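Chains as they are written, first to last, in the UniProt record's numbering: chain A, 1 to 324; chain S, 1 to 555. Note that beta-carbon positions come from the ideal geometry of N, C-alpha and C, so glycine has one too. Since we're looking at a predicted model, the values are computed, not measured. Below is one structure; the comments refer to it alone.
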Amino acid sequence: MQKLGFILKRLLKAVAVLFAIVVLNFFLIRAAPGDPAQVMAGEAGAADAKFIEQLREQFGLDKPLHEQLAIYVGDIVTLDLGWSYRQNEPVSKLVFERLPATLLLTGTAFVISIALGLLFGAIAARRVGTLTDTAVTSFALIFYATPLFWVALMAILLFSVVLGWLPAYGMETVGAHLTGLAYAADVAEHLVLPALTLGLFFMAVYARLTRSSMLEVADMDFVKTARAKGVAPGRITRVHVLRNAVLPVITLAGIQAGQLVGGAVLTETVFAWPGIGRLMYDALFQRDYNLLLGIFFVSSAMVLLFNLITDVVYTFIDPRIELK
Amino acid sequence: MGGTATMAGDQTLLQVEGLSIALPRGAERAHAVEDISFTLNRNEILCVVGESGSGKSMTANAIMGLLPLPHVRPVAGRIVFEGEDLLTKSEAELRRLRGSRVGMIFQEPMTALNPLMTIGRQIGEVFDAHGRIDRRERRRLIMKLLADVGLPDPEVLIDTHPFRLSGGQRQRVMIAMALALEPAMLIADEPTTALDVTTQAQILDLIRSLQASRHMGVMFITHDFGVVAEIADRVAVMQTGKIVELGPAGQVLNDPQHPYTRRLIGAVPQFAPPERPAPAGEILLNVEGLKKTYTTSRGLFVKKREVAAARDITFEIRRGETLGLVGESGSGKSTVGRCLVRLLDTDGGHIRFRDLDFASLRGEALRAQRRHIQMVFQDPYASLNPRQKVGRIIAQGPRAIGVPEAQATARARELLELVGLGAAAAERYPHEFSGGQRQRIGIARALALDPELLVADEPVSALDVSVQAQVLDLLDDIKQRLNLAMLFITHDLRVAAQICDRMAVMRLGEIVEYGPTHRVFNDPQHPYTRDLLAAVPGRDWTIPEVALQDGSPPA
Numbered sequence: 001m002q003k004l005g006f007i008l009k010r011l012l013k014a015v016a017v018l019f020a021i022v023v024l025n026f027f028l029i030r031a032a033p034g035d036p037a038q039v040m041a042g043e044a045g046a047a048d049a050k051f052i053e054q055l056r057e058q059f060g061l062d063k064p065l066h067e068q069l070a071i072y073v074g075d076i077v078t079l080d081l082g083w084s085y086r087q088n089e090p091v092s093k094l095v096f097e098r099l100p101a102t103l104l105l106t107g108t109a110f111v112i113s114i115a116l117g118l119l120f121g122a123i124a125a126r127r128v129g130t131l132t133d134t135a136v137t138s139f140a141l142i143f144y145a146t147p148l149f150w151v152a153l154m155a156i157l158l159f160s161v162v163l164g165w166l167p168a169y170g171m172e173t174v175g176a177h178l179t180g181l182a183y184a185a186d187v188a189e190h191l192v193l194p195a196l197t198l199g200l201f202f203m204a205v206y207a208r209l210t211r212s213s214m215l216e217v218a219d220m221d222f223v224k225t226a227r228a229k230g231v232a233p234g235r236i237t238r239v240h241v242l243r244n245a246v247l248p249v250i251t252l253a254g255i256q257a258g259q260l261v262g263g264a265v266l267t268e269t270v271f272a273w274p275g276i277g278r279l280m281y282d283a284l285f286q287r288d289y290n291l292l293l294g295i296f297f298v299s300s301a302m303v304l305l306f307n308l309i310t311d312v313v314y315t316f317i318d319p320r321i322e323l324k
Numbered sequence: 001m002g003g004t005a006t007m008a009g010d011q012t013l014l015q016v017e018g019l020s021i022a023l024p025r026g027a028e029r030a031h032a033v034e035d036i037s038f039t040l041n042r043n044e045i046l047c048v049v050g051e052s053g054s055g056k057s058m059t060a061n062a063i064m065g066l067l068p069l070p071h072v073r074p075v076a077g078r079i080v081f082e083g084e085d086l087l088t089k090s091e092a093e094l095r096r097l098r099g100s101r102v103g104m105i106f107q108e109p110m111t112a113l114n115p116l117m118t119i120g121r122q123i124g125e126v127f128d129a130h131g132r133i134d135r136r137e138r139r140r141l142i143m144k145l146l147a148d149v150g151l152p153d154p155e156v157l158i159d160t161h162p163f164r165l166s167g168g169q170r171q172r173v174m175i176a177m178a179l180a181l182e183p184a185m186l187i188a189d190e191p192t193t194a195l196d197v198t199t200q201a202q203i204l205d206l207i208r209s210l211q212a213s214r215h216m217g218v219m220f221i222t223h224d225f226g227v228v229a230e231i232a233d234r235v236a237v238m239q240t241g242k243i244v245e246l247g248p249a250g251q252v253l254n255d256p257q258h259p260y261t262r263r264l265i266g267a268v269p270q271f272a273p274p275e276r277p278a279p280a281g282e283i284l285l286n287v288e289g290l291k292k293t294y295t296t297s298r299g300l301f302v303k304k305r306e307v308a309a310a311r312d313i314t315f316e317i318r319r320g321e322t323l324g325l326v327g328e329s330g331s332g333k334s335t336v337g338r339c340l341v342r343l344l345d346t347d348g349g350h351i352r353f354r355d356l357d358f359a360s361l362r363g364e365a366l367r368a369q370r371r372h373i374q375m376v377f378q379d380p381y382a383s384l385n386p387r388q389k390v391g392r393i394i395a396q397g398p399r400a401i402g403v404p405e406a407q408a409t410a411r412a413r414e415l416l417e418l419v420g421l422g423a424a425a426a427e428r429y430p431h432e433f434s435g436g437q438r439q440r441i442g443i444a445r446a447l448a449l450d451p452e453l454l455v456a457d458e459p460v461s462a463l464d465v466s467v468q469a470q471v472l473d474l475l476d477d478i479k480q481r482l483n484l485a486m487l488f489i490t491h492d493l494r495v496a497a498q499i500c501d502r503m504a505v506m507r508l509g510e511i512v513e514y515g516p517t518h519r520v521f522n523d524p525q526h527p528y529t530r531d532l533l534a535a536v537p538g539r540d541w542t543i544p545e546v547a548l549q550d551g552s553p554p555a
């Protein structure tokens with residue numbers, strides 16, 4: 001019951017923050033130089049006075065500011081994110097078309113990074129000071145320090161160009177028109193390189209964090225208590241050390257999960273992955289303001305959503321959270 | 001005390017013979033423990049006493065097989081427990097003994113329990129580690145254990161996480177856990193050191209009664225001779241890895257033979273405060289109705305919570321006088337000290353220092369007057385900047401108020417002489433000094449601004465007893481020589497008895513008793529003061545003459 005109240009409070013907070021972001025977005029358009037109607041007219045490629053007047057009326061720009069804000073918020077609530085004049089399509093359609101591709105890529109990378117990060121971090125911590133430890137930490141450091149796009153390019157060169165094992169770009173084989181399982185296999189094949197490249201980068205962070213966090217926890221008094229109770233070493237690592245050490249990892253994962261939508265611009269660009277990152281990249285170059293704002297809104301909503309999920313996960317793992 | 005020693009019988013439970021434990025190369029000595037031998041019988045409490053670094057915890061860990069191998073390992077001797085040498089056993093065999101035949105409890109109850117597991121699951125782990133047991137039966141046993149160690153509402157507590165429990169309650173849980181499988185031996189490593197004095201008395205009682213009802217052998221490690229007097233049947237005194245004296249408690253406490261034992265016992269502050277003349281100096285500090293309330297910041301949906309750390313605190317200190325501010329943790333005594341040096345702003349009341357309204361000074365005016373009230377902090381390790389030379393640390397205050405560099409440095413060297421470290425210490429870094437020496441540096445730092453009032457917040461509670469006596473003597477000596485006034489904040493009534501002219505007893509933010517130390521000790525008015533005094537371990541034990549003659553530490 002207490003937990004439900006906690007989650008409800010967090011949800012209300014998230015909605016409040018989302019509202020603030022929408023308002024900020026609204027004023028961001030106003031901050032753009034010139035009259036929005038003129039900007040729109042310019043974007044539409046026609047700038048005569050009558051057209052601008054028509055636009056003003058059509059979009060309610062002749063109304064007082066607070067009414068305009070109300071209309072804007074109302075539209076956002078119904079997921080109407082405006083019109084992209086460059087692509088001549090509704091922004092929401094563009095964004096939600098691309099969202100699944102991005103979520104597939106970043107979600108896979110996220111799972112890979114956490115699973116491998118925890119695994120390697122735990123192995124390094126259990127064998128601290130040995131060759132295994134050194135190997136894991138160096139491996140992690142190399143992946144963390146090397147620029148992502150360079151790793152991506154090298155991966156393409158090696159696995160696609162030289163070895164020819166995996167496709168180099170895109171999400172599906174062009175013109176193949178596959179369906180069912182064959183389609184899924186095709187997408188999976190395309191997914192391997194970008195997901196691994198992105199995943200290994202974050203894996204490095206998780207591995208290092210898990211390792212240092214486990215070493216810190218292993219020195220704590222309650223671990224000694226467990227040993228004094230006669231608990232077996234494997235169980236001590238799993239139940240006492242890992243569970244406590246995973247708390248900072250969850251915090252970091254929550255922060256990273258929030259960036260899942262916007263954070264893969266580089267990877268998506270290099271691998272020509274048809275996701276939000278690419279869309280944002282294109283929108284930026286084409287000065288497609290409406291589309292950019294739409295992407296801003298969707299990615300900030302994602303950040304909030306994942307923060308909320310992290311908070312909820314935390315309450316299940318750490319009983320002390322409800323007090324705060 | 002002592003009396004049960006003869007009744008303990010001669011059934012040997014544990015026999016340690018010629019045990020040596022090697023330290024890694026580069027440590028301050030080759031062996032943590034060197035050639036020690038002692039026995040522990042069934043149904044007795046053996047106290048192992050010593051200062052930090054004496055090797056007493058190492059010995060306990062060696063018996064439990066909990067040494068940080070391979071860096072620290074036993075290199076000679078035998079540890080025979082119930083007829084078998086533990087040093088020849090494999091890790092798996094030792095694991096079967098731990099928790100079942102030998103239980104152990106530790107110093108820090110706040111961190112000794114896993115914060116993410118319920119109390120019931122943590123105790124249940126002991127049963128699981130040593131064989132299967134039916135779940136309902138296990139739950140029943142756990143609840144019985146919780147009741148046995150005097151915890152209220154076992155049926156609620158069993159599903160509770162540790163963070164909801166106080167330190168004393170957590171130590172009871174630890175005891176329940178250690179005793180779950182009715183071990184023949186309990187090793188208690190400073191189990192009451194981190195507890196308040198009234199809680200300590202309860203835990204000592206509990207250990208004593210459980211030991212007697214289960215006929216256990218208890219190896220009780222402590223640095224506190226008061227605790228020894230309270231609980232020991234026999235005593236082993238350790239000094240830098242060796243046992244220097246071993247015997248029945250009555251004999252060691254009242255007729256110590258070894259010079260080191262005499263010195264240690266002689267350094268224990270006498271529980272009886274001497275009668276002191278009423279202070280005659282003029283009133284330097286007058287605190288009236290001081291209030292301080294802590295408020296947690298209120299969030300969007302979180303109600304703010306208020307804790308009154310100090311309410312209506314009134315006292316005065318005269319020049320040349322030491323006023324003790326005594327209380328348990330959370331009583332608000334440190335808050336009052338911090339308000340006086342203006343590290344905290346007050347929420348009400350007056351602090352009159354000479355003719356200044358000290359609490360309402362702001363900005364430049366405060367900066368100019370700050371020097372008159374200075375503070376000595378509790379932790380000698382954390383309170384000195386490790387990256388600055390000692391001379392620089394001490395000269396920092398004077399330089400900040402515009403004293404020329406050369407003059408400030410010269411003064412720093414003078415002060416280091418005064419606190420007994422020698423002027424050359426100015427060129428060294430804090431990490432080159434021991435805890436006691438660092439506290440001397442802290443005192444020199446406080447004196448650098450020629451204050452008239454010194455606020456000492458638990459200045460000796462992090463120190464070993466022999467060092468503690470020296471630092472107390474130094475503070476007393478300096479107070480007299482420089483005619484200072486001192487507010488001495490402590491939780492330790494023995495220390496208060498030794499150094500304070502008058503004392504104020506605090507509880508939950510209020511002063512419940514206020515008067516000359518001698519009067520408060522001999523004729524306490526408030527029930528809480530009586531509880532506090534009754535809880536001091538070893539209060540009935542009088543420190544023997546022979547220790548006082550021999551043991552007076554070098555000034």
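Using a Cβ-Cβ distance cut-off of 9 Å, determine whether Leu116/S contacts chain A.
Here residue 116/S is taken as the residue at index 116 of the second sequence, counted from 1. It does: the Cβ of Leu116/S has a partner Cβ on chain A nearer than 9 Å.
Between Val546/S and Ile243/S, what straight-line distance do the alpha-carbon atoms span, to the nearest angstrom?
For the purposes of this step, residue 546/S is taken as residue 546 along the second sequence, with counting starting at 1. For the purposes of this step, residue 243/S is taken as residue 243 along the second sequence, with counting starting at 1. One C-alpha to the other measures close to 20 Å.
State the Cα-Cα distance for the pair Asp282/A and Leu242/A, rounded to the nearest angstrom.
As a first step, residue 282/A must be located in the first sequence, where it is residue number 282. As a first step, residue 242/A must be located in the first sequence, where it is residue number 242. So the alpha carbons of these two residues sit roughly 43 Å apart.
I need the straight-line Cα distance from Ile321/A to Lys304/S, nearest angstrom please.
By one-based count along the first sequence, residue 321/A stands at place 321. By one-based count along the second sequence, residue 304/S stands at place 304. Ile321/A and Lys304/S: Cα-Cα distance of roughly 17 Å.
Does DSSP put Ile36/S in a helix, in a strand, or in coil?
Locating residue 36/S in the second sequence gives position 36, counting from the first residue. In this structure, Ile36/S counts as strand in the three-state DSSP scheme.
Go ahead and pull the three-state DSSP assignment for Ser84/A.
The sequence position of residue 84/A within the first sequence is 84, counting from 1. DSSP places Ser84/A in strand when its eight states are reduced to three.
Expressed to the nearest angstrom, what Euclidean distance is found between the alpha-carbon atoms of Gly150/S and Ile142/S?
For the purposes of this step, residue 150/S is identified with residue 150 of the second sequence, where counting begins at 1. For the purposes of this step, residue 142/S is identified with residue 142 of the second sequence, where counting begins at 1. Cα-Cα distance, rounded: 13 Å.
Just the C-alpha distance for Thr173/A and Ala257/A, rounded to the nearest angstrom, thanks.
On the first sequence, position 173 is the one that residue 173/A refers to. On the first sequence, position 257 is the one that residue 257/A refers to. Roughly 29 Å between the two C-alpha positions.
Once you ignore the five residues that flank Ala395/S on each side, which residues in its own chain have a CB closer than 6 Å to its CB?
Start at 1 with the first residue of the second sequence, and residue 395/S comes out as number 395. Once the five neighbours on either side are set aside, the close Cβ partners of Ala395/S are Ala408, Thr409, Ala412.
Does DSSP put Gly332/S in a helix, a strand or coil?
On the second sequence, residue 332/S is found 332 positions in, with the first residue counted as 1. Correct three-state label for Gly332/S: coil.
Taking the continuous alpha helix (DSSP H) assigned at Thr222/S, which residues delimit it?
Residue mapping note: residue 222/S aligns to position 222 of the second sequence, counting from 1. Element bounds for Thr222/S: not the alpha helix (DSSP H) but the beta strand (DSSP E), 217 to 222.
May I have the straight-line CA-CA distance separating Gln525/S from Arg276/S, to the nearest angstrom?
Translated into positions along the second sequence, residue 525/S becomes position 525. Translated into positions along the second sequence, residue 276/S becomes position 276. Answer to the nearest angstrom: the Cα atoms are 19 Å apart.
Taking Cβ positions, are Val228/S and Leu253/S nearer each other than 9 Å?
Residue numbering aside, residue 228/S sits at position 228 when the second sequence is read from its first letter. Residue numbering aside, residue 253/S sits at position 253 when the second sequence is read from its first letter. The answer is yes: Cβ separation under 9 Å.
Would you verify that the beta carbon of residue 576/S is, or is not, closer than 9 Å to some beta carbon of chain A?
Not covered by the structure: residue 576/S. The range shown for chain S is 1 to 555.
Is it a yes or a no for the stretch 75 to 93 of chain A touching the stretch 279 to 298 of chain A, going by three-plus beta-carbon pairs under 8 Å?
Judged by Cβ distances under 8 Å, the stretch 75 to 93 of chain A makes contact with the stretch 279 to 298 of chain A, as three or more pairs qualify.
For Ala555/S, collect the residues of the same chain with a Cβ closer than 7 Å to its Cβ; drop the 5 residues on either side in sequence, then sort them by chain order.
Here the question's residue 555/S lines up with position 555 in the second sequence. Any reading at Ala555/S is ruled out, since the residue's pLDDT is 35, under 50, leaving its predicted position unreliable.
Taking 8 Å as the cut-off, does the stretch 420 to 432 of chain S touch the stretch 372 to 386 of chain S (at least 3 CB pairs, one atom from each stretch)?
Flag = yes, the stretch 372 to 386 of chain S and the stretch 420 to 432 of chain S touch.
Compare the C-beta of Glu427/S against all C-beta atoms of chain A and say whether one is closer than 9 Å.
In the second sequence, residue 427/S corresponds to position 427, counting from 1. Answer no: the Cβ-Cβ gap between Glu427/S and chain A never drops below 9 Å.
Does any residue of chain S have a CB that is nearer than 9 Å to the CB of Lys3/A?
Walking along the first sequence from the start, residue 3/A turns up at place 3. Closer than 9 Å: no.
Using the DSSP secondary-structure output, state which residues sit across from Met44/S in a beta bridge.
The residue you call residue 44/S lines up with position 44 of the second sequence. Going by the sequence as given, residue 44/S is Glu instead of Met. Bridge partners of Glu44/S: Gly217/S.
My understanding is that Ser490/S touches Val326/S, with C-beta atoms under 8 Å, so please give their C-beta distance in whole angstroms.
Along the second sequence, one-based indexing puts residue 490/S at 490. Along the second sequence, one-based indexing puts residue 326/S at 326. Reading the sequence as shown, one finds Thr at residue 490/S and not Ser. Sure, about 6 Å apart at Cβ, within 8 Å.
So, helix, strand or coil for Pro430/S, using DSSP?
Position 430 of the second sequence, counted from the start, is the residue given in the question as residue 430/S. Looking at Pro430/S - three-state DSSP - the assignment turns out to be helix.
Taking just the CA atoms, how far does Lys3/A sit from Ser212/A?
As a first step, residue 212/A must be located in the first sequence, where it is residue number 212. As a first step, residue 3/A must be located in the first sequence, where it is residue number 3. If I take the Cα positions, the gap works out to 31 Å.
Name the chain S residues whose beta carbon is nearer than 8 Å to that of Lys224/A?
On the first sequence, residue 224/A is found 224 positions in, with the first residue counted as 1. Leu66, Phe106, Ala112, listed in chain order.
Can you name the residues of chain S whose CB is closer than 9 Å to the CB of Arg243/A?
On the first sequence, residue 243/A is found 243 positions in, with the first residue counted as 1. Chain S residues near Arg243/A: Asn114, Leu116, Met117.
Examine the Cβ distances between the stretch 176 to 183 of chain S and the stretch 76 to 96 of chain S and report whether three or more of them are shorter than 8 Å.
Result no; under three Cβ-Cβ pairs closer than 8 Å.
Check whether the Cβ of Val239/A lies closer than 9 Å to any Cβ atom in chain S.
Start at 1 with the first residue of the first sequence, and residue 239/A comes out as number 239. Cβ-Cβ to chain S under 9 Å: yes for Val239/A.
Where in the stretch 327 to 394 of chain S do unbroken runs of the alpha helix (DSSP H), each at least 4 residues long, occur, reported from the N-terminal end onward?
As far as the stretch 327 to 394 of chain S is concerned, its whole alpha helix (DSSP H) runs of at least 4 residues are 333 to 340, 363 to 369.
For a test of the three-state rule: what should DSSP assign to Ser54/S, helix, strand or coil?
Locating residue 54/S in the second sequence gives position 54, where the first residue counts as 1. Coil.
For Ser466/S, does the three-state DSSP call read helix, strand or coil?
On the second sequence, position 466 is the one that residue 466/S refers to. Reduced to three states, the DSSP call for Ser466/S is helix.
Can you find the residues in the same chain that come closer than 6 Å, C-beta to C-beta, to Asp464/S, ignoring five residues on each side of it along the sequence?
On the second sequence, position 464 is the one that residue 464/S refers to. For Asp464/S, where only same-chain residues beyond five positions count, the Cβ hits under 6 Å are Glu51, Ser52.
Between the Cα of Phe120/A and those of Leu292/A, Leu28/A, Met203/A, spot the shortest distance and give me the residue it belongs to.
As a working mapping, residue 120/A is identified with position 120 in the first sequence. The residue with the shortest Cα to Cα distance from Phe120/A is Met203/A.
If I measure Cβ to Cβ from Ala425/S and keep anything under 7 Å in the same chain, skipping five residues before and after, which residues do I get?
Within the second sequence, residue 425/S is the residue found at index 425, counting from 1. Correct list, in chain order: Val390, Leu416.
Using a Cβ cut-off of 9 Å, pull out every chain A residue sitting near Arg96/S, in sequence order please.
Residue 96/S sits at position 96 when you count from the first residue of the second sequence. Here the neighbours are Gly230.
Pop quiz: Arg475/S and Pro459/S are said to be a contact at Cβ under 8 Å. What is the actual Cβ separation, rounded to whole angstroms?
The sequence position of residue 475/S within the second sequence is 475, counting from 1. The sequence position of residue 459/S within the second sequence is 459, counting from 1. It is worth fixing the name first, because residue 475/S is Leu in this sequence and not Arg. Contact flag correct, Cβ pair sits at about 7 Å.
So, for Asp159/S: in the same chain, excluding its five sequence neighbours on each side, which residues have a beta-carbon less than 7 Å away from its beta-carbon?
Position 159 of the second sequence, counted from the start, is the residue given in the question as residue 159/S. Thr118, Gly120, listed in sequence order.
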